[in-house]
Structure formats: C-alpha cells, structure tokens
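K.L.:
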Amino acid sequence: MGPRHRRAAARLSAGGSLALLSLALAACSGTVSPAAHGTPATSASASSPSGQSATPAGPGTAPPSDWPMYHGDPSHGGLSSSMPNVSGPLKVIASVKLDGAVYASPIVAGGVVVVATENDSVYAFNVEGTRLWHVKVASPSPAYQRACGNISPLGITGTPIYSAKTGDVYLVAEHGGKVGHDLIALDLRTGTVRWRKNIDLPGPAPVAMQQRGALAMTGGRVWVSFGGQYGDCGDYKGRIVAVKLDGTGKPVAYDPSPHREGGIWNPAGPALDSAGNMYVVSGNGSTLPGAAYDHTDSVLELNPSGKLLSSFAPADWAQANAADNDLGSEGVALVGTKWAVIGGKSGTVYALRQGTLGGIGGQVSASDICMPFGGSAVSGSVVYLPCADGVAAVRVDSTGQLHELWQADGSIAGSPVIGGGRVWSLDQFGGVLHALDPANGRSVEQVSVGVTSRFATPAVYGSLVLVPTMTGVTFVKS
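Here you go:
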C-alpha cells in the first residue's frame, strides 16, 4: 500500500466507514398491488404541482435540463449542459428538514424536485423549496432487525428514477416487521401510488440484503441492484432485478455468482451505454484463490434483457476477494463510446473497452491512482473520480492510457457532478459543498449545506445544486 492509499485508509478509518461498506443482494417475488390512478397517496399533502420556477429562463438562456436519475442521464455521467456559468458566491436559498436522512440523490423532472428519505417518505418540491406533496410509502427497518449494517432506520437508500413515458417515479423501499423490499411507482404530479411489487426473490434472506445502487431503466424495465449490509453479515448474494414499467409480469433477474456475496452495492448503480446495455460492478465474493472464476470482483456488461455479454476481472480477483479489495466500491464511468473506467479498493484504476471488457486481466491499461467510492462524473475524455483522499481528474487518451491531471484537497471526496464550468463535490463530514476549478481542482467557491452521508452526491437543475443531507435537502443557488 503506497502513501496515498495509507492516507486514504486512515481517512476512512477516522471518517467512520467510507471504505468498509459491504454487500448484499435482494431478490424478487412477484405480487403486484396496483393502485388506481385516482387513489390518494398515503399521507400525501398534495397540491397539484406546476413545479416551475418563478424566475423563468431569460432571453437566449437554455431552459434547465431535467436530472431524472442518478447523475442526470442513463450513463450516470454527472454532466449538466444547461447550468449557467458560475460567476459569484454560492447561496443557500432553502434548507428543508425532512422526516429522515437522505442517502439517495434528489432527482428533478419538469421543475419538480423529488427527495426520498430513510424513513420511507418521498417528498416533492418546486425549485424554490416549497413542498408540493409528501407520501410515506412504508415503515422502515430498524437496526435491531439486522445483525450488522450502519444505516438506521433503513428505508429508501437507492436513488429513484423518473420515466417520461409513464410520468412515474420509481423507487425501492425497505420495510420493517417482516423485512422486505418493494419497488413502487408514484405519479410525479400528485404522489399517488400507481403500483407496488415485492422484489425479494427466493434465496437469500431479505434482511441480509441492502438496496443501495441507483435505479436504471432499459428494455422497458426498471433495474434494481442489491448488495449487503456493512459488515457482510448473513447470506447475502449479488443480484440485479428488473420489473416492467407498468409493474406487470414476472421479474427478470441476473445473479453474478451462484455463491454467497458478490454484491452489486455501489451507489451509482448500472451505467447504460447508447445501446441500452448495462455496466454493473460486483464486489468481493466468497470464492478464494484456487477456485474457478465466478464473476465476483468484476465489471459485467449485460444486455437490456439481463444477459451477460462480456466481463472483466483483475488478474488477482480471487486474492482481492480474500482481502476485501473489490472493484465494487465505484460505478463504471463510460467515456465516449469506446472506454470504460473503473477503480476499487485496491487503489488501481483500469481502462477497459466497452463491448469487449477483456475477461480476467484483460484491461487496456491500469494505473495506481486512488481508492474511489461512489459515482464518477465524465466530461469529454476526462473522468472525475470520487477518491477517498480527494476527487481526482484523470484523462483517457486515444489509446486507452490513463493520465492523472490533478487531485483536490483530501477532504473533498464526495461523488462529483459537473455544471456551470465547475466540478461539484462535497466534504461529506464537514458538510460543505465545493465548486472546483476543472483546470486544477482548487475550490473556487464553498458553502455550508449540512452534514451528509458518505456517498452523498448533488443533483443539478438550471442554476440550482440540490444536496441530500442527514436531516433533509439543501437548495443552493449558484
């Protein structure tokens, strides 16, 4: 372990658990409980939202682009093309306290900001922070129901996704009592529950599973990835489950490994290429050196039906399993149509070919850069990695070689997004949002937003930066 990785490991230890997150995966049963379109949302205080800002775009200004999923687009690339250039100090225009911690990123569609909490509540706001509706979809799972884990209560953790085709927001809520996971569709305009479906398939106990990864959509289905609790307790197992957008029919599921562990646990979830193929990352498995490869500690390319197309694993994948040095800590960064970039707990960052990931040890290049945790952002040929010791900018050249450009201050380690000529990242433990200069990584502007979770990442809409916090959501005007 080099000096950079020792610094990162020390920071993770001091910070609580940034690097030691574990995996578990859930499964899917198949009961649809439809709600008629006119059924009121449970506990909803719903005024019909217009969602539009009181200050529309001026002449010559592009209207804000929606941010309807994790990092804004199906590739989860984190780039806003419509955010005006940042030219002045940052200002908090609203800091809204909600009924639980917010681990998921906010999403925005048609000027409606949607925020989900660990108390199994979903809120909608306009862009000034005025509440439009609220629905409590379940009662979360308290810590005493699990043998390990570090989120309590455990409710909605994975970032929801919005479909313009259906007008619905999709999310997964963990509920207590008999612990389980429900995929739920809500009407964006009113909060009405359209349908809900339990997605715990036979196999591992639902209590061992955690749904952290951001949801994705491809092939007419919502895709949900599962990993385990912090501490690796129980019989968790990696799995990605899909349900049709209307909630009908049997779920589709893909398990990376027939064995225990191998969870798809990183918060970025699947990254989609232009063909709708998904790139997911499995974590450390129970398979040790000397055993056959089982797709743990791997990058996996799946088609829109969930069929495995290609895979990559480091040459030392089995040793990484034994040491908990898996790739699973970060989502895949898709760079153009050619390259895929991935890092993990070992500190090595790999460049792979999209479409033909290379198999075991088949990377195009590798570089000892950092230990990333969370989701990356991409602009052109540059990837901004959420390194545990500070966001790093890495360029991928035309031959797939990696070149580190800069690294931000070690406290600025949150999963970055890009907009307005700035790279946005959080000091999660200090509760500060930073606007970084993309040329050198220096913090140009900062504002206090409140303490956030270790994997928190902002959403961008117009000149707004929306930050999930441990008490609610903060609206920042750039």
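Heads up: the sequence shown runs through residues -26 to -1, 1 to 452, numbered per mature numbering (1 follows the signal peptide of the UniProt record, and there is no 0). Note that the Cβ used here is the ideal one computed from N, Cα and C, for glycine as well. Everything numeric in this text was worked out from a predicted model, so none of it was measured.
1. Report the three-state DSSP secondary structure of Tyr44 (helix, strand or coil).
2. Which two residues bound the contiguous beta strand (DSSP E) that contains Trp380?
3. Only counting runs of 4 or more residues, tell me where the alpha helix (DSSP H) segments fall wholly within the segment 289 to 339, in order along the chain.
4. Count the other C-beta atoms from every protein chain shown that fall within 10 angstroms of the C-beta of Thr222, then say buried if there are 16 or more, exposed otherwise.
5. For Val181, which three-state DSSP category applies?
6. Answer yes or no: do Ser422 and Met444 have a C-beta to C-beta separation smaller than 8 Å?
7. Quick check on the burial criterion: 16 or more other C-beta atoms within 10 angstroms. Buried or exposed for Gln375?
8. May I ask you to report which of helix, strand or coil DSSP gives residue 454?
9. When the Cα atoms are used, what is the spatial distance from Asn258 to Ser320?
10. Assuming Ala294 and Pro288 are in contact, meaning their beta carbons sit under 8 Å apart, how far apart are those beta carbons, in whole angstroms?
11. What three-state label does DSSP hand Ala78 in the structure shown?
12. To the nearest angstrom, how far is it from the Cα of Leu308 to the Cα of Leu72?
13. Pick from Gly202, Ala367 and Gly236: whose alpha carbon is nearest that of Ser355?
14. Can you look up Tyr144 in the DSSP assignment and give me helix, strand or coil?
15. Taking buried to mean at least 16 other C-beta atoms within 10 Å of its own C-beta, is Ala413 buried or exposed?
16. I need the straight-line Cα distance from Ser39 to Ala242, nearest angstrom please.
17. Determine the closest residue to Leu194 out of Phe403, Pro278, Gly103 and Asp206, with distance taken between C-alpha atoms.
18. Mind checking whether Gly348 and Ser389 have CB atoms under 8 Å apart?
19. Compute the Euclidean distance between the alpha carbons of residue 524 and Gly103, then round it to the nearest angstrom.
20. Mind checking whether Leu160 and Val109 have CB atoms under 8 Å apart?
21. Quick one: what's got a C-beta closer than 6 Å to Val226's C-beta in the same chain, skipping five residues either side?
22. Name the residue from Thr164, Ala188 and His149 whose alpha carbon lies nearest to the alpha carbon of Asn172.
23. Sort out for me which residues DSSP pairs Ser341 with in a bridge.
24. Around the Cβ of Gly333, are there at least 16 other Cβ atoms within 10 angstroms (buried) or fewer (exposed)?
25. As a quick exercise: from Pro116, Ser115, Asp142 and Ile238, pick the residue whose alpha carbon is nearest that of Val86.
26. Determine the contact status of Asn251 and Leu276, defining contact as a CB-CB distance below 8 Å.
27. Assuming Leu53 contacts Ala351 (C-beta within less than 8 Å), just tell me the rounded distance between them.
28. Could you check where the beta strand (DSSP E) with Ile158 kicks off and where it finishes?
29. Counting only the same chain and skipping the five closest in sequence on each side, list residues whose C-beta sits under 8 Å from that of Gln381.
30. Once DSSP output is grouped into helix, strand and coil, what is the label at Tyr228?
31. Give every residue of the same chain whose Cβ lies closer than 8 Å to the Cβ of Lys139, excluding the five residues on either side of it in the sequence, and list them in chain order.
32. Give the list of continuous alpha helix (DSSP H) stretches no shorter than 4 residues that lie fully inside the segment 196 to 226.
33. Would Asn240 be called buried (16 or more neighbouring beta carbons within 10 Å of its own) or exposed?
34. Kindly indicate the opening and closing residues of the beta strand (DSSP E) around Leu72.
35. For Arg(-20), I'd like the list of residues in its chain whose CB is within less than 6 Å of its CB, leaving aside the five on either flank, ordered along the chain.
36. DSSP state of Tyr97, grouped into three classes?
P.N.:
Let me spell this out:
1. Taking the first residue of the sequence shown as 1, we reach residue 44 at position 70. The answer is helix: DSSP assigns Tyr44 an H, G or I state.
2. Counted from its first residue, the sequence shown places residue 380 at position 406. Per DSSP, Trp380 belongs to the beta strand (DSSP E) from Leu376 to Gln381.
3. 291 to 297
4. As a working mapping, residue 222 is identified with position 248 in the sequence shown. Exposed, because fewer than 16 other Cβ atoms sit within 10 Å of the Cβ of Thr222.
5. As a working mapping, residue 181 is identified with position 207 in the sequence shown. Three-state DSSP puts Val181 in a helix.
6. Numbered from its first residue, the sequence shown carries residue 422 at position 448. Numbered from its first residue, the sequence shown carries residue 444 at position 470. In this structure, Met444 does not lie closer than 8 Å to Ser422 by Cβ.
7. Looking up residue 375 in the sequence shown gives position 401. Gln375 sits exposed, since fewer than 16 C-beta atoms from the chains shown fall within 10 Å of its C-beta.
8. The chain is shown from -26 up to 452; residue 454 falls before or after that span and cannot be answered.
9. Working through the sequence shown from its first residue, we reach residue 258 at position 284. Working through the sequence shown from its first residue, we reach residue 320 at position 346. Each residue's alpha carbon lies about 12 Å from the other.
10. Taking the first residue of the sequence shown as 1, we reach residue 294 at position 320. Taking the first residue of the sequence shown as 1, we reach residue 288 at position 314. That pair is a contact at about 6 Å.
11. Within the sequence shown, residue 78 is the residue found at index 104, counting from 1. Ala78 falls in the coil class under three-state DSSP.
12. The count along the sequence shown starts at 1 and reaches residue 308 at position 334. The count along the sequence shown starts at 1 and reaches residue 72 at position 98. About 34 Å.
13. Within the sequence shown, numbered from 1, the residue matching residue 355 stands at position 381. Per the Cα distances, Ala367.
14. By one-based count along the sequence shown, residue 144 stands at place 170. Reduced to three states, the DSSP call for Tyr144 is strand.
15. Here the question's residue 413 lines up with position 439 in the sequence shown. Result: exposed.
16. Locating residue 39 in the sequence shown gives position 65, where the first residue counts as 1. Locating residue 242 in the sequence shown gives position 268, where the first residue counts as 1. Each residue's alpha carbon lies about 20 Å from the other.
17. The sequence position of residue 194 within the sequence shown is 220, counting from 1. Checking the displayed sequence, the identity of residue 194 turns out to be Gly instead of Leu. Closest by alpha carbon: Pro278.
18. To locate residue 348, count along the sequence shown from 1; it is residue 374. To locate residue 389, count along the sequence shown from 1; it is residue 415. In this structure, Ser389 lies closer than 8 Å to Gly348 by Cβ.
19. For the chain, the structure presents residues -26 to 452; residue 524 sits outside this window and is missing.
20. Here residue 160 corresponds to residue number 186 of the sequence shown, with the count starting at 1. Here residue 109 corresponds to residue number 135 of the sequence shown, with the count starting at 1. Yes, these two residues count as a Cβ contact at 8 Å.
21. Sequence index remark: in the sequence shown, residue 226 carries index 252 (1-based). Ala216 and Gly280.
22. Within the sequence shown, residue 172 is the residue found at index 198, counting from 1. Out of Thr164, Ala188 and His149, His149 has the C-alpha closest to the C-alpha of Asn172.
23. By 1-based counting over the sequence shown, the position of residue 341 is 367. Note: Ser341 sits in a beta bridge opposite Val323.
24. For the purposes of this step, residue 333 is taken as residue 359 along the sequence shown, with counting starting at 1. When all chains shown are included, Gly333 counts as exposed.
25. Along the sequence shown, read from residue 1 onward, the residue named residue 86 stands at position 112. Ranking Pro116, Ser115, Asp142 and Ile238 by Cα distance to Val86 puts Asp142 first.
26. For the purposes of this step, residue 251 is identified with residue 277 of the sequence shown, where counting begins at 1. For the purposes of this step, residue 276 is identified with residue 302 of the sequence shown, where counting begins at 1. In this structure, Leu276 lies closer than 8 Å to Asn251 by Cβ.
27. Counting from 1 along the sequence shown, the entry for residue 53 is found at position 79. Counting from 1 along the sequence shown, the entry for residue 351 is found at position 377. Contact holds; Cβ gap of about 6 Å.
28. Taking the first residue of the sequence shown as position 1, residue 158 is located at position 184. From DSSP, the beta strand (DSSP E) with Ile158 extends over Gly154 to Asp161.
29. Taking the sequence shown and counting its residues from 1, the one referred to as residue 381 is at position 407. Excluding positions up to five away in sequence, the list reads Cys344, Cys361, Asp363, Gly364, Val365, Ala366, Ala367 and Gly415.
30. Here residue 228 refers to the residue found at position 254 when the sequence shown is read from its first residue. The answer is strand: DSSP assigns Tyr228 an E or B state.
31. On the sequence shown, position 165 is the one that residue 139 refers to. Counting only Cβ-Cβ distances below 8 Å, and skipping sequence neighbours, we find Leu219.
32. none
33. Counting from one through the sequence shown, the residue named residue 240 turns up at place 266. Buried: at least 16 other Cβ atoms inside 10 Å.
34. Counted from its first residue, the sequence shown places residue 72 at position 98. Going by DSSP, Leu72 is part of no beta strand (DSSP E) at all; its letter is neither H nor E.
35. Walking along the sequence shown from the start, residue -20 turns up at place 7. Unreliable placement is indicated for Arg(-20), whose pLDDT of 42 sits below 50; no coordinate value is reported for it.
36. Position 123 of the sequence shown, counted from the first residue, corresponds to residue 97. Correct three-state label for Tyr97: strand.
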